[in-house]
Amino acid sequence: MLSSRDAFWRPSNQMKVENTDLAKQLEAETLGARYWRLHPGQASTWHRHFEMHELYVLIEGEGRVRVDEEVLTLQPLDTLLVEPEHMRQLFNDTETDSLWLVVGAPREAIASTLEMSEEQLAHMYPDGPKALPPELGGGAFDG
């Protein structure tokens, strides 16, 4: 068990989005799980996976996600499943925080961009690991 008060939160490597790696803290070996808190104007990475299917559950706020070319708006407790080959990106173009639970399986062998080869980075992030969605001005995150 991981108490919410004991969870370790930190900004993500690329986009500086607050998150807590639940799977790592609970020593899960077969799946990934994180809470992601997106403040107004923030986005996660525009990415895809090699094998991992991801389940996105919006916990708080209004959630916006781009899957390939489609933009979806989710309300609290709405859920979305994205298969590995599809590009996806959470973003917050509202005035309030959004809190997401993202669970993925099977767990990728390498989860940190800091450990990936150039080929792995190019597959997962074809537009680079800091690409912003058009709704937040496009271009690259410079934070």
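Residue numbering for the sequence shown is 0 to 142, as defined by numbering that gives the first Met the number 0.
A virtual CB, placed ideally from N, CA and C, is assigned to each residue, including glycine.
Give the list of continuous beta strand (DSSP E) stretches no shorter than 3 residues that lie fully inside the stretch 65-133. The beta strand (DSSP E) runs of length 3 or more contained entirely in the stretch 65-133 are, from start to end of the chain, 69-73, 78-81, 87-90 and 97-104.
Per the DSSP calculation, V56 is bridged to which residue(s)? Its beta-bridge partners are T78 and L100.
Taking 8 Å as the limit between beta carbons, can you name the residues of its chain near M51, skipping five residues before and five after? Taken in chain order, the residues that qualify are G31, P83, G103, A104, P105, R106 and E107.
Per the contact definition of three or more C-beta pairs closer than 8 Å, is the stretch 37-52 in contact with the stretch 85-94? These segments touch.
Helix, strand or coil for A22, going by three-state DSSP, please let me know. It is helical.
So for R4, helix, strand or coil by DSSP? DSSP places R4 in helix when its eight states are reduced to three.
Counting beta carbon pairs with one atom in the stretch 55-69 and one in the stretch 107-124, are three or more of them shorter than 8 Å? Contact between the stretch 107-124 and the stretch 55-69 is absent: fewer than 3 CB-CB pairs across the two stretches fall below 8 Å.
Return yes when the Cβ of T72 is within less than 9 Å of the Cβ of P39, no when it is not. Result no, Cβ atoms of P39 and T72 do not sit closer than 9 Å.
Based on DSSP bridge pairs, tell me the residues matched to H46. Beta-bridge analysis with DSSP links H46 to R87.
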